[in-house]
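See below for the structure under consideration.
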Amino acid sequence: MYIQVIKINGNFPGPLINATTNDFVHVNVFNNLDEPLLFTWNGIQQRLNSWQDGVSGTNCPIEPGTNWTYVFQTKDQIGSFTYFPSINFQKAGGGFGPIRVNNRNVILVPFPKPEDEFDLLIGDWIQNSYQNVRELLQQEWRSTFWPGVMLMNGKGPYGSWNSIPYESFTVTKVYIYIPFFLLLNPSSNVCLYINTGKTYRFRISNVGSAFSFNFAIQNHKLVLVETEGSYTNQIVLDSLDVHVGQSYSVLVTADQDEADYYMVAAPKLYDTSADFLVAKGILHYANSVSTVRGPVPMGPDPFDIDFSINQAKSIRWNMTAGAARPNPQGTFNVTNVTLSNTFILHGSNGVINGVPNYVVNNVSYLTPSTPLKLADHFRNGSGFYQLDKFPVHSVNDVASYGISVVTGVHKGWLEIVFKNDLEDEMDSWHLDGFGFYVVGFGEGEWTPESRNTYNVYDPVVRSTVQVYPGRWSAVYVYLDNPGMWNLRSQNLIRWYMGQQLYIRVHNLDPNPAKERPPPQNLILCG
Numbered sequence: 001m002y003i004q005v006i007k008i009n010g011n012f013p014g015p016l017i018n019a020t021t022n023d024f025v026h027v028n029v030f031n032n033l034d035e036p037l038l039f040t041w042n043g044i045q046q047r048l049n050s051w052q053d054g055v056s057g058t059n060c061p062i063e064p065g066t067n068w069t070y071v072f073q074t075k076d077q078i079g080s081f082t083y084f085p086s087i088n089f090q091k092a093g094g095g096f097g098p099i100r101v102n103n104r105n106v107i108l109v110p111f112p113k114p115e116d117e118f119d120l121l122i123g124d125w126i127q128n129s130y131q132n133v134r135e136l137l138q139q140e141w142r143s144t145f146w147p148g149v150m151l152m153n154g155k156g157p158y159g160s161w162n163s164i165p166y167e168s169f170t171v172t173k174v175y176i177y178i179p180f181f182l183l184l185n186p187s188s189n190v191c192l193y194i195n196t197g198k199t200y201r202f203r204i205s206n207v208g209s210a211f212s213f214n215f216a217i218q219n220h221k222l223v224l225v226e227t228e229g230s231y232t233n234q235i236v237l238d239s240l241d242v243h244v245g246q247s248y249s250v251l252v253t254a255d256q257d258e259a260d261y262y263m264v265a266a267p268k269l270y271d272t273s274a275d276f277l278v279a280k281g282i283l284h285y286a287n288s289v290s291t292v293r294g295p296v297p298m299g300p301d302p303f304d305i306d307f308s309i310n311q312a313k314s315i316r317w318n319m320t321a322g323a324a325r326p327n328p329q330g331t332f333n334v335t336n337v338t339l340s341n342t343f344i345l346h347g348s349n350g351v352i353n354g355v356p357n358y359v360v361n362n363v364s365y366l367t368p369s370t371p372l373k374l375a376d377h378f379r380n381g382s383g384f385y386q387l388d389k390f391p392v393h394s395v396n397d398v399a400s401y402g403i404s405v406v407t408g409v410h411k412g413w414l415e416i417v418f419k420n421d422l423e424d425e426m427d428s429w430h431l432d433g434f435g436f437y438v439v440g441f442g443e444g445e446w447t448p449e450s451r452n453t454y455n456v457y458d459p460v461v462r463s464t465v466q467v468y469p470g471r472w473s474a475v476y477v478y479l480d481n482p483g484m485w486n487l488r489s490q491n492l493i494r495w496y497m498g499q500q501l502y503i504r505v506h507n508l509d510p511n512p513a514k515e516r517p518p519p520q521n522l523i524l525c526g
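Just so you know, we're using the UniProt record's numbering here: the sequence shown kicks off at 1 and counts up by one.
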């Protein structure tokens, strides 16, 4: 069976975009598909420039047979990110790739320079064309055609199909020779051999559609150092949970016997005895003479939510490290902020006019023919959407469609509580244009008293947060970036079927220093 794949420059996944803090990046997209296309830059904050965000609320699509050039700046950012198609369910067909934003030379990285860096894009893959799946979504829930298989960098699991390539990374173990006489006996010619391993940085991203996964490397420790633009306190892990849309950097030292070892990504909340659903690659030592041995490391119980939550709470911001700026990350903290507003957002599903949908507070987002950003600029939104009609504090009694746009107070602090009302599946939420402080996780219903459980001392800053089944996650975000910004589920089916809205952060000052004007190559539609 052959499945259509969206390639970029002939490659799947697409090529690396390798940039440095404050670079201007130009990406010319030629749409050779037979349908409209947009790309979004997941986690790149588009400072003062939501015109380049590449989602349906900000850009008209690139029509088949045409091209369009994105120009964006990696302003005041470092870290690991991804890009992917944002409309027409195309991400399920590929089209994704890695983004690195490196430190400027004048700002130190808070760990020794690794021997090499590897991009590792892992995700579930639907064994059906994305066009067929999006048609099915108008009739049935995802369980009808799920699961598929897990891929590493677009490659199948090691050992599953003899004719299918698998992912492999080569690492090196080195030996240091110390003359023994330097230690004990000056007259001895014996040398002491001390083996040590070179250290490698793995930038791991979940580019899948629905499954969180747990990642591990057989017999090797993972040292967590970064997530989506933030340096973290360095913690040593046996395995790492990575949720849909998230990216992490871990350091791996080649300090084991020279052999081959499994790299494994096992889905969460799923029976992993179905071996085909576990992504498997190989960590290969340069002088290895043996293939992988022993059982495949499967990590924690995939249904152990407490393990995952405890690990999430242990991921803290490195308060002393600089990142995009020379001053420490801890300079920017939330120990004493004044909140301008609180949004409480319930993600769930519902049926509207006989059609299955995903909803936020019982509203399923309806994409207008004219992008919101365009309507806002030319008509101040008049006739296209009603600002703040969407309920941000309550759940509507009846599920309905709506063009959901809410006000974000410019330079105000917004608290967002994401509630996953479904008891049997993970969710994750992403906000374009910003990083947010992940201050809390909890179960049951959120109340103002839940703030007493928040970590406001050193919460990690990232752009995507997981929301566990039947539980809530809370974030703080400083709305200093004017624009029309997409707030969405990173679960592709939920996103495509309506679990999203837009936050309009508006500044009346026309000064380009506040927000950039439309680009000269702006596409008009609607």
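Quick reminder that beta carbons are idealized off the backbone N, C-alpha and C, glycines included.
Beta-carbon contacts of residue i that lie in its chain and below 7 Å, excluding the five residues immediately before and after
i	result
Leu-366	Tyr-401, Gly-402 and Ile-403
Met-478	Correcting the residue type first, residue 478 is Tyr in the shown sequence and not Met. These residues qualify, in order along the chain: Trp-413.
Ser-168	Gly-281, Ile-282 and His-284
Gln-138	Val-355
Arg-325	Asp-76
Nearest neighbour of residue i, chosen from the options [CA to CA]
i	options	result
Tyr-502	Leu-487, Asn-491, Leu-492 and Ile-493	Leu-487
Glu-117	Val-250, Ser-382, Gly-442 and Phe-390	Val-250
Val-417	Val-409, Gln-466, Ala-375 and Asp-34	Gln-466
Arg-203	Thr-82, His-377 and Thr-331	Thr-82
Asn-214	Tyr-200, Gln-246, Val-225 and Thr-196	Gln-246
Arg-134	Asn-521, Pro-518 and Gly-498	Gly-498
Asn-28	Leu-38, Asp-34, Asp-241 and Thr-338	Leu-38
Val-405	Gln-311, Asp-255 and Asn-380	Asn-380
Leu-277	Ser-160, Gln-520, Tyr-248 and Val-223	Ser-160
Ile-62	Tyr-270, Leu-33 and Gln-77	Leu-33
Phe-84	Ile-8, His-393, Ala-375 and Glu-228	Ile-8
Ala-254	Asn-310, Asp-241, Gln-490 and Val-223	Val-223
Gln-90	Ile-78, Pro-110 and Val-55	Val-55
Lys-155	Ala-279, Gln-218, Val-174 and Asn-310	Ala-279
Asn-521	Pro-267, Cys-60 and Phe-12	Cys-60
Nonlocal neighbours in the same chain, by C-beta distance under 6 Å from residue i, ignoring five residues either side
i	result
Trp-125	Gly-148, Val-149 and Leu-151
His-346	Asn-361, Val-395, Lys-419 and Asp-421
Phe-111	Val-225
residue 527	In the structure as shown, the chain begins at 1 and stops at 526. Residue 527 is therefore absent and cannot be evaluated.
Val-438	Pro-459, Val-460, Val-465 and Val-475
Tyr-358	Asn-349, Arg-494, Met-497, Gly-498 and Gln-499
Gln-218	Tyr-261, Tyr-262 and Pro-297
Residue i classed as buried or exposed, judged by whether at least 16 other C-beta atoms fall within 10 angstroms
i	result
Gly-208	buried
Gln-386	exposed
Tyr-231	buried
Asn-49	buried
Ile-164	exposed
Thr-272	buried
Ala-286	exposed
Gly-14	buried
Gln-127	exposed
Thr-58	buried
His-393	exposed
Gly-294	exposed
Asp-388	exposed
Residues near residue i by beta carbon distance below 8 Å, same chain, minus five either side
i	result
Ser-369	Cys-525 and Gly-526
Ser-143	With a pLDDT of 47 at Ser-143, under the threshold of 50, the modelled position of this residue cannot be trusted; read the value that follows with caution. None.
Lys-514	Leu-48, Pro-482 and Asn-507
Asp-301	Phe-307
Ala-19	Val-25, Thr-74, Ile-99, Arg-100, Val-101 and Asn-102
Pro-519	Trp-51, Gln-52 and Val-71
Thr-199	Pro-112, Pro-114, Glu-115, Leu-251, Val-252, Thr-253 and Ala-254
His-410	Leu-479, Asp-480, Pro-482, Val-505, His-506 and Asn-507
Asn-206	Ile-122, Gly-123, Ser-212, Phe-213, Val-242, His-243, Val-244, Gly-245, Gln-246 and Ser-247
Endpoints, the alpha helix (DSSP H) within which residue i is located
i	result
Ser-314	305-314
Tyr-496	492-496
Asp-241	Element bounds for Asp-241: not the alpha helix (DSSP H) but the beta strand (DSSP E), 240-242.
Glu-171	Per the sequence presented here, residue 171 reads as Val, with Glu not at that position. Run containing Val-171: none in the alpha helix (DSSP H); it sits in the beta strand (DSSP E), 168-171.
Val-405	First-last for Val-405: 405-408, but that is the beta strand (DSSP E), not the alpha helix (DSSP H).
Arg-488	Not the alpha helix (DSSP H): Arg-488 falls in the beta strand (DSSP E), residues 483-489.
Leu-121	Leu-121 -> not in any alpha helix (DSSP H); beta strand (DSSP E) instead, spanning 116-125.
Endpoints, the beta strand (DSSP E) within which residue i is located
i	result
Glu-226	222-227
Asp-376	That residue, Asp-376, is in no beta strand (DSSP E); its alpha helix (DSSP H) goes 372-379.
Glu-445	Counting along the chain, Glu-445 falls outside any beta strand (DSSP E), and DSSP gives it neither H nor E.
Tyr-358	355-360
Asn-132	That residue, Asn-132, is in no beta strand (DSSP E); its alpha helix (DSSP H) goes 130-136.
Met-263	260-267
Given 8 Å, three or more beta-carbon pairs between the region 82-101 and the region 34-48: yes
Do the region 261-269 and the region 103-117 touch if we need at least three Cβ pairs shorter than 8 Å? no
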